[in-house]
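Notes follow once the structure below has been shown.
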Amino acid sequence: MAECGASGGGSSGDSLDKSITLPPDEIFRNLENAKRFAIDIGGSLTKLAYYSTVQHKVAKVRSFDHSGKDAEQDHEPPYEISVQEEITARLHFVKFENTYIEACLDFIKDHLVNTETKVIQATGGGAYKFKDLIEEKLRLKVDKEDVMTCLIKGCNFVLKNIPQEAFMYQKDSDPEFRFQTNHPNIFPYLLVNIGSGVSIVKVETEDRFEWVGGSSIGGGTFWGLGALLTKTKKFDELLHLASKGQHANVDMLVQDIYGGAHQTLGLSGNLIASSFGKSATADREFSKEDMAKSLLHMISNDIGQLACLYARLHCLDRVYFGGFFIRGHPVTMRTITYSINFFSKGEVQALFLRHEGYLGAIGAFLKGAEQDNPNQYSWGENYAGSSGLMSTSPELCPTQRTRSGTFDLLEMDRLERPLVNLPLLLDPSSYVPDTVDLTDDALARKYWLTCFEEALDGVVKRAVASQPESADAAERAEKFRQKYWSKLQTLRHQPFAYGTLTVRSLLDTREHCLNEFSFPDPYSKVKQKENGIALKCFQGVVHALDSLGWEERQLALVKGLLAGNVFDWGAKAVSDVLESDPQFGFEEAKRKLQGRTSRGSCAGCCSQRQGPPHKCALIFADNSGIDIILGVFPFVRELLFRGTEVILACNSGPALNDVTYNESLIVADRIAAMDPVVHSALQEERLLLVQTGSSSPSSAPYSLWVGWTCAVLPVRLDQGLAVLARERGADLVVIEGMGRAVHTNYHAALRCESLKLAVVKNAWLAERLGGRLFSVIFKYEVPAE
Amino acid sequence: LQSWGSLFPWFGLDIGGTLVKLVYFEPKDITAEEEEEEVESLKSIRKYLTSNVAYGSTGIRDVHLELKDLTLCGRKGNLHFIRFPTHDMPAFIQMGRDKNFSSLHTVFCATGGGAYKFEQDFLTIGDLQLCKLDELDCLIKGILYIDSVGFNGRSQCYYFENPADSEKCQKLPFELKNPYPLLLVNIGSGVSILAVYSKDNYKRVTGTSLGGGTFFGLCCLLTGCTTFEEALEMASRGDSTKVDKLVRDIYGGDYERFGLPGWAVASSFGNMMSKEKREAVSKEDLARATLITITNNIGSIARMCALNENINQVVFVGNFLRINTIAMRLLAYALDYWSKGQLKALFSEHEGYFGAVGALLELLKIP
Chain E
329 MAECGASGGG SSGDSLDKSI TLPPDEIFRN LENAKRFAID IGGSLTKLAY
379 YSTVQHKVAK VRSFDHSGKD AEQDHEPPYE ISVQEEITAR LHFVKFENTY
429 IEACLDFIKD HLVNTETKVI QATGGGAYKF KDLIEEKLRL KVDKEDVMTC
479 LIKGCNFVLK NIPQEAFMYQ KDSDPEFRFQ TNHPNIFPYL LVNIGSGVSI
529 VKVETEDRFE WVGGSSIGGG TFWGLGALLT KTKKFDELLH LASKGQHANV
579 DMLVQDIYGG AHQTLGLSGN LIASSFGKSA TADREFSKED MAKSLLHMIS
629 NDIGQLACLY ARLHCLDRVY FGGFFIRGHP VTMRTITYSI NFFSKGEVQA
679 LFLRHEGYLG AIGAFLKGAE QDNPNQYSWG ENYAGSSGLM STSPELCPTQ
729 RTRSGTFDLL EMDRLERPLV NLPLLLDPSS YVPDTVDLTD DALARKYWLT
779 CFEEALDGVV KRAVASQPES ADAAERAEKF RQKYWSKLQT LRHQPFAYGT
829 LTVRSLLDTR EHCLNEFSFP DPYSKVKQKE NGIALKCFQG VVHALDSLGW
879 EERQLALVKG LLAGNVFDWG AKAVSDVLES DPQFGFEEAK RKLQGRTSRG
929 SCAGCCSQRQ GPPHKCALIF ADNSGIDIIL GVFPFVRELL FRGTEVILAC
979 NSGPALNDVT YNESLIVADR IAAMDPVVHS ALQEERLLLV QTGSSSPSSA
1029 PYSLWVGWTC AVLPVRLDQG LAVLARERGA DLVVIEGMGR AVHTNYHAAL
1079 RCESLKLAVV KNAWLAERLG GRLFSVIFKY EVPAE
Chain G
58 LQSWGSLFPW FGLDIGGTLV KLVYFEPKDI TAEEEEEEVE SLKSIRKYLT
108 SNVAYGSTGI RDVHLELKDL TLCGRKGNLH FIRFPTHDMP AFIQMGRDKN
158 FSSLHTVFCA TGGGAYKFEQ DFLTIGDLQL CKLDELDCLI KGILYIDSVG
208 FNGRSQCYYF ENPADSEKCQ KLPFELKNPY PLLLVNIGSG VSILAVYSKD
258 NYKRVTGTSL GGGTFFGLCC LLTGCTTFEE ALEMASRGDS TKVDKLVRDI
308 YGGDYERFGL PGWAVASSFG NMMSKEKREA VSKEDLARAT LITITNNIGS
358 IARMCALNEN INQVVFVGNF LRINTIAMRL LAYALDYWSK GQLKALFSEH
408 EGYFGAVGAL LELLKIP
């Protein structure tokens, strides 16, 4: 009745395959800078982890020296843009079949430049077996790490850093995976690791966990007993057999004992009364499929029952399942989920992990990297470099496609700033940023995937245009196109590959792919031009506003915010007009919105604001150019007038035409030079410009056909901003733009007053929401007392 | 003179998934007058049941379990314990028809799932009306009653001392002075686990489909054996450590990080993942491993239920334990070891017959 966490022994891959040719740079990327290796060798799969640095381009903006008056000249850009190299940290994880281990080690040895590395952390049942091989090939000393410690360290790491790591399995729904937004406090939880046996571990804190129990009936029982019963040797083949079988031919069901009476007794006739109960006879043959299915049910039910008993004993309702028995197999996830639902009567949720296979390797790596303290950073999954859940991305080593194993990749980027929750969220644990779940909504998914496909040419064009001096821009842009196109195709077939599919995640993926091919900010030139135009109009707009009476001014300000938000290079409908007619102005935009902003819609907000001024407003800004300069800044100015402090939050990194933090600094400077109110507020720190923490390659936000930038409020945002919002006592949050206020956060409940406003610039979405193109979203909410 | 409840013959029937358990009260205080009045069919039944120890090719009377000089409803007699496979139920019903049971105007009190399944057959073939009874009610009634009457002067309940040590292991009587609360684990084809708080207050905690039927079913598939006795006999000669992967097979000894002893099973049938080891094991080893796997699992679930229900005495009953000392000792040891001595495993001599006894008590309206 004991258990251990070793992943399955009895490997089918004992003989090493030396003949394969690896598609090297696609798999072991950035090896030349690699340091700190860790390896987890299980019964059939090897997981390699290493830390590396990646050099990539970033777009920087810098003010010109404005001592002269030249800047007022018509065609002068308001600031200069340069592309610089930056080095960031990345974690690489590669999973492959044990058969390739020798070939892989050879490859690593040949490409490993860094000689500082002396040790490799190793875990997993196979670590002993391959110790000599590793030491000989890599000339690294193998340090054995405890299997369960690694597993739990890895589990904590993915739960903390990957927002949609965990998912439930739902039978009969399409797709069958339902992702969960991780609870901000991941502890305590129960980890049920189903290797050859079952280990049940209660995890209470980062460093405290306890083996609470286990069972000897696990994956090894399915495999071993299954091999005896069916003469089928491979685990995967056994599962395949099981998926075709009818267990009722082998199991004794309740209806077999009760006859038809189970219905009148309120019993479920299909319940298994005795596993293999019908095979207690000498005169019958049973099919392999039926026996395999019966065995699968027997083992899954048993594990589920024990997991429920332990969960109940320890008062835990979050139970994560892992181990080779589960690893990506819908069949076992289904049976375990059924069992948990049955035995807990729905009180316990069976949860699975997208990166379950990597936990041991991640944990071993973290053990080895303790002196660098990787846990002090936030890390984000890089969608460009990661294979995704059960991905069969054909662009990776197509020759291995046909073999049962493939090379699977996970890459994680170190985020430069730690991300936390916005303290103003009413209930961070139930906060779901995205309004529409494209995993769930097949129609919406089809629409948006097509949208992104159709927009790809334009993005490629703009990317090339953003780097006119670069000789290989066209070539890189083409690679970007291929990569992103294939990601989109993957997502069409496996929308669950990277967690819940949302418009936001599609944008993030695109940004990751752009960065992969060194296009850090394709919109930099466009934004530069727009900011220049808008700055010239600022004073005129402000004078016009100042001449209005109080009430008219409030209305005009709100209209201005919304009109500014029409200007969005990402939104196709708008960019068409802007490209063809650059004179299309602010006033034109207001006219377009005529009749859509009624006095009534703002009445609540305005009347509220007739009361005492807010202490501090936190504003999440959207687009560069007219939006920030002619829409947001006059609004900010009005708030400052009223004695309200303002925190203006912009994206840390570029994302489409969204205004970045660095751009906002320059814009604010330029406005301060024209406007004494903004000037003194900046001086006195009544107006603070901060970054949201979201940027690619982290968890990028932004706008496509929508003014967007949302990873902001989402689960994690810059710690500095969170602290500031708390310190200043922010009591009003303004969220602007389609991306932030409609695609995400539309349903987000805050502790303080909030104003969500946007213009719907996408005809399909407008129709979906029951409105027309350029309809206005204006949502003012006061939290319930 | 007699109420319908006490009209002879007195039977209690428990029709399970694998076995039918029949208890029969043989009155020994029949007066000459009564004997004269006794109809022929009743006499013939009595003679048939009491003068044989086997019925047909599969029916067996467990003579060693017979309870002698029992007083039931004011009558003195012996209680007989008979079992036969459920698949012979049609033959049993046919026999009832042949022996003209229906003419006795008796009531058959029956429990177990088969009471429902075969109700119609009893009626149409045997012209017999079954009185169907709840199996858990009967089980608990039966246990409490049998424990109260003892076992021909001996104790009904027992436990094992030093269960892991074949030299020092002793089966010792146990008196259930304070039976409540009690965790009752009934291991038949499947397993039911009940928490009993008083005579009338109990609940079904859980159950598992990994029971006696699983052991026997898997043994049939793995070894080609045909009877439960044969399966147990093979198991007694086998070595499960050739089949199972132990903690020490993985860690070379104890896994101290988790306090797991090296002898503990890490993965049941875990060694069978390897082709070489599959080829090296005997049928006996496989039978033993099957027995150990099922038994350990039941022990594990029972222990968790006892912890969750905060009960420390666990009574194991059911026909899986019949002539199955290996399983009983293992249950005794596992419960003691993993609970660090907090839990006690108890067993009962009439392991599989309590449901049938409960049905008989219902017939006699004995509370």
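If you read the sequences in order, they're chains E and G.
Residue numbering for the first sequence is 329 to 1113, as defined by the working numbering.
Residue numbering for the second sequence is 58 to 424, as defined by the working numbering.
Built from N, CA and C at the ideal position, the CB exists for glycine as well.
Excluding sequence positions up to five away, which residues of its chain have a Cβ less than 8 Å from the Cβ of residue i?
{"i": "Thr560/E", "result": "Gly554, Leu566, Leu569, Lys616, Ala620"}
{"i": "Leu240/G", "result": "Ile250, Leu251, Ala252, Val253, Val262, Ala359, Cys362, Ala363, Glu366, Ile368, Gln370, Val371, Val372"}
In this structure, does DSSP put residue i in helix, strand or coil?
{"i": "Thr265/G", "result": "strand"}
{"i": "Ala417/E", "result": "strand"}
{"i": "Thr549/E", "result": "helix"}
{"i": "Tyr215/G", "result": "strand"}
{"i": "Val578/E", "result": "coil"}
{"i": "Tyr989/E", "result": "helix"}
{"i": "Gly1048/E", "result": "helix"}
{"i": "Val1018/E", "result": "strand"}
{"i": "Gly541/E", "result": "strand"}
{"i": "Lys572/E", "result": "helix"}
{"i": "Pro84/G", "result": "strand"}
{"i": "Arg536/E", "result": "coil"}
Please tell me whether residue i and residue j are closer than 8 Å, where the distance is taken between their beta carbons.
{"i": "Phe141/G", "j": "Asp119/G", "result": "no"}
{"i": "Gly981/E", "j": "Asn893/E", "result": "no"}
{"i": "Thr381/E", "j": "Ala417/E", "result": "yes"}
Examine chain E for any beta-carbon lying closer than 8 Å to the beta-carbon of residue i, and answer yes or no.
{"i": "Arg314/G", "result": "yes"}
{"i": "Val77/G", "result": "no"}
{"i": "Met146/G", "result": "no"}
{"i": "Ile358/G", "result": "yes"}
{"i": "Tyr390/G", "result": "no"}
{"i": "Ile307/G", "result": "yes"}
{"i": "Phe273/G", "result": "yes"}
{"i": "Arg335/G", "result": "yes"}
{"i": "Ala413/G", "result": "no"}
{"i": "Phe217/G", "result": "no"}
{"i": "Leu364/G", "result": "yes"}
Looking at chain G, is there any beta carbon in it that lies within less than 8 Å of the beta carbon of residue i?
{"i": "Tyr638/E", "result": "yes"}
{"i": "Gly688/E", "result": "no"}
{"i": "Lys606/E", "result": "yes"}
{"i": "Gln633/E", "result": "yes"}
{"i": "Pro726/E", "result": "The predicted model places Pro726/E with a pLDDT of 35, which falls under 50 and marks its position as unreliable; any figure quoted below should be read in that light. So no, Pro726/E is outside the interface."}
{"i": "Gly482/E", "result": "no"}
{"i": "Trp1092/E", "result": "no"}
{"i": "Ala610/E", "result": "yes"}
{"i": "Gly338/E", "result": "Low per-residue confidence applies at Gly338/E: pLDDT is 39, beneath 50, and the placement is therefore not dependable, though the value from the model is reported in the following sentence. It does: the Cβ of Gly338/E has a partner Cβ on chain G nearer than 8 Å."}
{"i": "Tyr666/E", "result": "no"}
So, for residue i: in the same chain, excluding its five sequence neighbours on each side, which residues have a beta-carbon less than 7 Å away from its beta-carbon?
{"i": "Glu504/E", "result": "Tyr497, Gln498, Pro658"}
{"i": "Thr549/E", "result": "Ile627"}
In chain order, what residues of the same chain have a beta carbon less than 6 Å from the beta carbon of residue i, not counting five sequence neighbours either side?
{"i": "Ala221/G", "result": "Tyr390"}
{"i": "Ala697/E", "result": "Arg364"}
{"i": "Gly310/G", "result": "Gly319"}
{"i": "Pro726/E", "result": "Confidence in Pro726/E is poor, its pLDDT being 35 and thus under 50, which makes the residue's placement unreliable; the coordinate value appears in the next sentence. Nothing meets the Cβ criterion."}
**Segments assigned beta strand (DSSP E), at least 3 residues, entirely inside the stretch 227–307 of chain G** = 227–231, 239–244, 248–253, 259–265
**Request:** Kindly provide the ranges of any alpha helix (DSSP H) runs that are 4 or more residues long and lie completely inside the stretch 1076–1113 of chain E, ordered along the chain.
**Result:** Within the stretch 1076–1113 of chain E, the complete alpha helix (DSSP H) segments of 4 residues or longer fall at 1091–1096, listed in chain order.
**Request:** Write down every uninterrupted run of the beta strand (DSSP E) in the stretch 323–399 of chain G whose length is 3 residues or greater and which is fully enclosed by it, in chain order.
**Result:** 370–374
**In chain order, each alpha helix (DSSP H) run of at least 4 residues that lies wholly inside the stretch 828–884 of chain E** = 831–844, 852–874
**Asked** Which runs of the alpha helix (DSSP H) spanning at least 4 residues fall entirely within the stretch 114–156 of chain G, listed in chain order?
**Response** 146–155
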